[in-house]
Amino acid sequence: RWPRAPPSAPAATASTDPTSLAHAIEWEAWTPESGSAQEPREPGTPGTLAVVGAEGPARVLQDGLAAAGYRPADVDEAQCVVYVADSAAGESDTECAVRLTADVAALVRRLAHRPAGTMLWIVTRGVRECASDAAVRQSSLWGLAGVVRAEQPDIWGGLVDLPEGSDDGMKGVRFDALK
68 RWPRAPPSAP AATASTDPTS LAHAIEWEAW TPESGSAQEP REPGTPGTLA
118 VVGAEGPARV LQDGLAAAGY RPADVDEAQC VVYVADSAAG ESDTECAVRL
168 TADVAALVRR LAHRPAGTML WIVTRGVREC ASDAAVRQSS LWGLAGVVRA
218 EQPDIWGGLV DLPEGSDDGM KGVRFDALK
């Protein structure tokens with residue numbers, strides 16, 4: 068049991084109240100605006116993209132987005148960079164979290180030096196539902212996403228958490244939000 072604070076204790080202020088320093092990441096389902104265009108916009112907007120990450124899932128996603136009209140580009144030239152998180156076989160939870168976080172941090176450093184207009188998106192799978200060990204390993208990226216959003220708002224696109232599933236599930240992903 069804690070003793071009560073003496074009546075002479077100063078009231079909490081914005082600078083001393085710890086709740087004023089906290090932030091929260093809230094889950095919000097995204098739906099495209101009604102009547103939004105389904106084709107990528109003109110060059111100079113997120114019509115060019117680079118997909119990086121684990122070979123299998125990243126390749127499936129890149130192929131699907133290319134089929135939808137997005138133009139593939141190198142990370143240094145793309146208007147939109149999508150990082151696809153995935154666990155490697157034989158990796159411990161800590162090793163995976165460190166690798167994923169280091170990969171995204173390196174991308175942030177690289178993109179922060181580019182002219183404005185580049186957006187970084189992070190794709191995880193099953194983290195919201197905590198569906199598997201791989202999802203738990205990817206959850207470190209949700210914390211990093213909040214930091215990137217706060218410290219590099221000019222390059223932050225968003226975080227997309229797909230349902231846990233096979234790589235084939237990425238074929239149907241529509242990134243209307245990239246427009």
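Residue numbers for the sequence shown follow the working numbering, beginning at 68 and rising by one. Backbone N, C-alpha and C fix where the C-beta goes; we use that ideal spot for every residue, glycine too.
- Contact between the stretch 143-152 and the stretch 164-184 is present, with at least three C-beta pairs closer than 8 Å.
- The Cβ atoms of residue 223 and residue 215 lie closer than 8 Å to each other.
- Here the stretch 177-185 makes no contact with the stretch 115-133; the two share fewer than three CB pairs at distances below 8 Å.
- Your pair residue 117 and residue 140 checks out as a contact, with CB atoms roughly 6 Å apart and the cut at 8 Å.
- DSSP places residue 115 in the uninterrupted beta strand (DSSP E) bounded by 115-120.
- Residue 225 carries a strand assignment under DSSP once its states are collapsed to helix, strand and coil.
- If you draw a straight line from the Cα of residue 191 to the Cα of residue 232, it is about 11 Å long.
- According to DSSP, residue pairing for residue 182 in a beta bridge does not occur.
- In the DSSP assignment, residue 214 falls within the alpha helix (DSSP H) that extends over 207-218.
- Secondary-structure assignment with DSSP links residue 150 through a beta bridge to 119 and 189.
- Residue 120 places its beta carbon 8 Å or farther from that of residue 138.
- Measuring C-alpha to C-alpha distances from residue 195 to each of 228, 160 and 122 identifies 228 as the nearest.
- In the structure shown, residue 230 falls within a coil segment according to DSSP collapsed to helix, strand and coil.
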